[in-house]
Amino acid sequence: MRLGVQGGVVRIGARTILDNVTLSVGAGEFVGLVGPNGAGKTTLLRLLAGLIVPSAGRVVLDGRPLGTVSRDERARRVAAFFHGAGIGWPMRVREIVALGRLPHRRAFAGEDAADQAAIARAMALTQIGHLADRVEPTLSSGERMRVLLARALAVEAEMLLADEPITALDPAHQLDAMAMLRTVSHAGAGVIAVLHDLTLAARFCDRLVVMSEGRIVADAPPAAALDDGLLHRVFGVAAQRGTHADGGAYILPWARSQQSTGETRP
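Read in the working numbering, the sequence shown has 180 at position 180, and its numbers run on one by one without any break.
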């Protein structure tokens, strides 16, 4: 399974949001989309999900233009979770998660054993079993985030697109969510996640795609993607680096870099 965009351009009026973007992600990869605010990360995710049409270029799923793939097939193969998405009406948590199984069910059909198992797995992965009977308006923002992520996971799609999946989560649940996404990818699904925490992105992702002003300026393993020069040019920060006792390397944005002028195109 491979999902990508070739020469993708997105314009809104006179403004270019994405500028000649090419990206390809395959099964088993955990790819982080990082970059300053307004760099085009969520727009790229929406393009890959088929929610917007490129002004130029094309989105491809296994070599086929995404627009030629039926909506039912896309819904089964590509699951998406977007930060800030609402639920729309009061529902119990388990009912919300169960919505993720709709692409696999015939019209008006009830849940079968496969649906029930997938729902249970998604709730276990996101650690929301104790919330099953809670109604959505009673949830905290962090709990709601985990419920929506569980709904996307319940699809058990070949590709998961996640927009800021750890926003609003406390540190422990951020670690849990990143470990869970890595587990999902290493079990065979492709995962593309928009992330702002460079420390967690570098620790858990296989690849980092760095965006700036609508362009991809780096696409490499974390240590190569987040070198000191790029951190200065794109993010305007300097970082501390080190090695944990377990041997894992880490990067920690520490201060604004000297003479930083904000976001600039490398």
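Even for Gly, the Cβ is constructed at its ideal location relative to N, Cα and C.
Only a predicted model underlies this, so the values are computations on that prediction, with no experimental measurement involved.
(1) Note down, one range per segment and in chain order, each beta strand (DSSP E) of at least 3 residues found wholly within the region 148 to 203.
(2) Using 10 angstroms around the beta-carbon of Arg-256, count the other beta-carbons present and answer buried if the total reaches 16, otherwise exposed.
(3) Output the distance between the C-alpha atoms of Ala-122 and Gln-258, rounded to the nearest integer angstrom.
(4) Starting from Met-123, trace the alpha helix (DSSP H) both ways and give me its first and last residue.
(5) Let me confirm a value: His-186 is counted as buried when at least 16 other C-beta atoms fall within 10 Å, else exposed. Which label applies?
(6) If you follow the beta strand (DSSP E) that Thr-22 is in, where does it begin and where does it stop?
(7) In the region 74 to 100, which residue ranges form an unbroken beta strand (DSSP E) of at least 3 residues, counting only runs that do not cross its ends?
(8) For Pro-253, which beta-bridge partners are listed by DSSP?
(9) Taking the beta carbon of Gly-4 as the centre, do at least 16 other beta carbons fall within 10 Å, making it buried, or is it exposed?
(10) Can you check whether the CB of Leu-131 is closer than 9 Å to the CB of Ile-166?
(11) On the three-pair Cβ rule with 8 Å, is the region 202 to 215 touching the region 24 to 38?
(12) Identify, in the order they occur along the chain, each residue of the same chain with its Cβ nearer than 6 Å to the Cβ of Arg-146, setting aside the five sequence neighbours on each side.
(13) Can you look up Gly-38 in the DSSP assignment and give me helix, strand or coil?
(14) Tell me, to the nearest whole angstrom, how far the beta carbon of Val-25 is from that of Ile-192; I am working on the premise that it is less than 8 Å.
(15) Between which residues of its own chain and Ile-17 is the CB-CB distance below 8 Å, once the five residues before and five after are set aside?
(16) Work out the CA separation of Leu-169 and Thr-138 for me, nearest whole Å.
(17) If I measure Cβ to Cβ from Glu-158 and keep anything under 7 Å in the same chain, skipping five residues before and after, which residues do I get?
(18) Distance, Cα to Cα, Pro-266 vs Gly-67?
(19) Please tell me whether Ala-118 and Val-93 are closer than 9 Å, where the distance is taken between their beta carbons.
(20) Below 8 Å on the Cβ atoms is my guess for Ala-150 versus Leu-160; work out the distance and round it to an integer in Å.
(21) Rounded to whole angstroms, what's the CA-CA distance from Leu-47 to Asn-20? Just pull it up for me.
(22) Looking at the unbroken alpha helix (DSSP H) that takes in Ala-224, where does it start and where does it end?
(23) Please state whether DSSP places Asp-133 in a helix, a strand or coil.
(24) From what residue to what residue does the beta strand (DSSP E) around Met-61 run?
(25) Would Ala-239 and Asp-246 be called neighbours here (beta carbons separated by less than 9 Å)?
(26) I need the straight-line Cα distance from Gly-50 to Pro-103, nearest angstrom please.
(27) Rounded to whole angstroms, what's the CA-CA distance from Val-184 to Leu-148? Just pull it up for me.
(28) For Glu-73, count the other beta carbons within 10 Å of its own beta carbon; 16 or more makes it buried, fewer makes it exposed. Which is it?
In terms of the structure at hand:
(1) The beta strand (DSSP E) runs lying completely inside the region 148 to 203 and spanning 3 residues or more are 159 to 163, 190 to 194, given in chain order.
(2) Arg-256 should be labelled exposed.
(3) Near 45 Å, if we compare the C-alpha coordinates of Gln-258 and Ala-122.
(4) Element bounds for Met-123: 113 to 125.
(5) Exposed: under 16 other Cβ atoms inside 10 Å.
(6) Segment 15 to 26, the beta strand (DSSP E) holding Thr-22.
(7) Complete beta strand (DSSP E) runs here, min 3: 78 to 81.
(8) In the DSSP output, where bridge partners are listed per residue, Pro-253 has Ala-239.
(9) Label assigned to Gly-4: buried.
(10) Remark: C-beta atoms of Ile-166 and Leu-131 do not approach each other more closely than 9 Å.
(11) Inter-segment contact for the region 202 to 215 and the region 24 to 38 is present: three or more beta-carbon pairs are separated by less than 8 Å.
(12) Excluding residues up to 5 positions away in sequence, Thr-126, Ile-128 lie with their Cβ nearer than 6 Å to the Cβ of Arg-146 in the same chain.
(13) Three-state result, Gly-38: coil.
(14) Between the beta-carbon of Val-25 and that of Ile-192 there is about 5 Å, and that keeps the pair under the 8 Å contact cut.
(15) Annotation for Ile-17: Val-10, Arg-11, Gly-40, Thr-43, Gly-214 place their beta carbon closer than 8 Å to its own, counting only its chain and skipping 5 residues before and after.
(16) Using only the alpha carbons, I get a separation of about 16 Å.
(17) Cβ contact annotation for Glu-158 (same chain, cutoff 7 Å, sequence separation greater than five): Met-1, Ala-27, Arg-77, Ala-189, Gly-190, in chain order.
(18) Unreliable positioning characterises Pro-266 in this predicted model, as indicated by a pLDDT of 42, which lies under 50. The coordinate reading is nonetheless provided below. Looking at the two C-alpha atoms, the distance is approximately 33 Å.
(19) Between Ala-118 and Val-93, the CB-CB gap reaches or exceeds 9 Å.
(20) Rounded, the Cβ-Cβ distance is 12 Å, inconsistent with contact.
(21) One Cα belongs to Leu-47, the other to Asn-20, and the distance between them is close to 13 Å.
(22) Per DSSP, Ala-224 is one residue of the alpha helix (DSSP H) stretching across 222 to 225.
(23) Asp-133 falls in the coil class under three-state DSSP.
(24) Checking the displayed sequence, the identity of residue 61 turns out to be Leu instead of Met. Per DSSP, Leu-61 belongs to the beta strand (DSSP E) from 56 to 61.
(25) Result no, Cβ atoms of Ala-239 and Asp-246 do not sit closer than 9 Å.
(26) When rounded, the separation of the alpha-carbon atoms in Gly-50 and Pro-103 is 16 Å.
(27) Using only the alpha carbons, I get a separation of about 16 Å.
(28) So Glu-73 counts as exposed.
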